Structures are given as structure tokens and as C-alpha cells.
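The sequence shown: position 98 = 114 (the working numbering), numbered continuously.
Glycine residues also receive a C-beta, built at the ideal position from the N, C-alpha and C atoms.
Predicted model only: the values in this text are computed from it and were never measured.
Since the structure comes first, as C-alpha cells, the remarks are kept for the end.
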Amino acid sequence: MTKLLKLLIVLSFATITTCSFAYDSSIARKYEKMFDNIKGEEVGKALHIISPEAFIEEYKSGKSFFAIDIRTPAETAIFTLSLPDSMKIPVDELFKQESLKKLPTDKQIILVCSSGMRSAAVLMALRDIGFNNVSVLKGGFKELSAYLEPKEANKAPKAKAM
Numbered sequence: 017m018t019k020l021l022k023l024l025i026v027l028s029f030a031t032i033t034t035c036s037f038a039y040d041s042s043i044a045r046k047y048e049k050m051f052d053n054i055k056g057e058e059v060g061k062a063l064h065i066i067s068p069e070a071f072i073e074e075y076k077s078g079k080s081f082f083a084i085d086i087r088t089p090a091e092t093a094i095f096t097l098s099l100p101d102s103m104k105i106p107v108d109e110l111f112k113q114e115s116l117k118k119l120p121t122d123k124q125i126i127l128v129c130s131s132g133m134r135s136a137a138v139l140m141a142l143r144d145i146g147f148n149n150v151s152v153l154k155g156g157f158k159e160l161s162a163y164l165e166p167k168e169a170n171k172a173p174k175a176k177a178m
């Protein structure tokens, strides 16, 4: 009985100790710093979320950015981005060295997926490895096509009158 009691005490202590150290505190501090100033109405900007309207306006105004469709090959076989400076790199390929070398560091990268969920996860991972120029298209292709018909969204910008 005494041995059983001692074993239960040791197991309880081990379980409590393991639970209290179940996370990496240095990574937690890094994320604390990253999210420290994200409050109120500034959340979208701070988290680098771009609305479909702003995405189209930036494209039509000629602003330089690099868009990446991170959906699976099966999804991109149906439709994908056809904008200049855009490419398809599925999530499972994105973090390979040959793919990371393709990402620009001198202009904004906008991640696009079906709904924005995968893009948000990838944004955090890219920021974690040093890409601070990354944004997410809010709502992905679902919100983009709800905002504008896909053919309209991909039209070339109108030439500016002189």
C-alpha cells in the first residue's frame, strides 16, 4: 500500500510538472512581442490581412506585389491566379528551400487560399522564419469571387489618361 501511495504521488508530480512545462517559453515570448500591440480596430492591419476590395484596388492601381496561391494542385487545376507576379506553390511545397528562394523580400507577398484559413497559418510560419512582408487575402478566393466576378478581378488595369 505504501509503495502504491508513493507511486501515485510520483506520477501526480510528474503529470503536474509535465503540464506546466508543456510549451516553449522562448517561442511564447516571441509571439507575445509579435501580438503585444494588436488591439481594437488595428487588428486587421497588424495581422497583415488585406480585404478583397483592397487587393483588387492595389492590383488595378499598379502597385507591385507577389501573390501566391497556396492551395493543392487539385484545387488549382480548376482555377488559379493569373495576375502578373503570381504563382502556385502548394503549402506542402512552400517551405522547401527551392520554393523559399522564389519568394521576394523586397515587395509585399499576398497569400491566397480557398477561405483564408491556410493562408493565416502559413503567414505565421513565414513570419516566424523572417518573412515580414507577407499578407493574407481575407476570405481567400471565396470572398474575392463574392466581391468581384473572377473575370473582372483578373482584367488588366485601365491605362491612365495623360
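Give the DSSP-derived three-state secondary structure of residue i in the structure shown.
i: S135; result: helix
i: K104; result: strand
i: I94; result: coil
i: I25; result: helix
i: S115; result: helix
i: T88; result: coil
i: A70; result: helix
Could you check if residue i is buried or exposed, using at least 16 other CB atoms within 10 Å of its CB as the buried criterion?
i: A141; result: exposed
i: K19; result: exposed
i: M178; result: Residue confidence for M178 is low, a pLDDT of 45 falling below 50, so the modelled location carries little weight and cannot support an answer.
i: F95; result: exposed
i: R45; result: exposed
i: S98; result: exposed
i: K154; result: buried
To which residues does DSSP link residue i through a beta bridge?
i: A83; result: S102, I126
i: K43; result: Reading off the sequence shown, one finds Ile at residue 43, where the question assumed Lys. I43 is not bridged to any residue.
i: I65; result: V152
Look at the alpha carbon of residue i and the alpha carbon of residue j, and state the distance between them as a whole number of angstroms.
i: S80; j: K123; result: 7 Å
i: S161; j: G146; result: 31 Å
i: E74; j: A38; result: 43 Å
i: K76; j: S42; result: 42 Å
i: P68; j: I25; result: 57 Å
i: P106; j: K112; result: 11 Å
i: S131; j: A137; result: 12 Å
i: S102; j: L110; result: 14 Å
i: A83; j: E91; result: 16 Å
i: Y163; j: P100; result: 20 Å
i: F71; j: K158; result: 14 Å
Run through the segment 119 to 163 for me and flag every whole alpha helix (DSSP H) of 4 or more residues, listed as ranges in chain order.
133 to 144, 156 to 163
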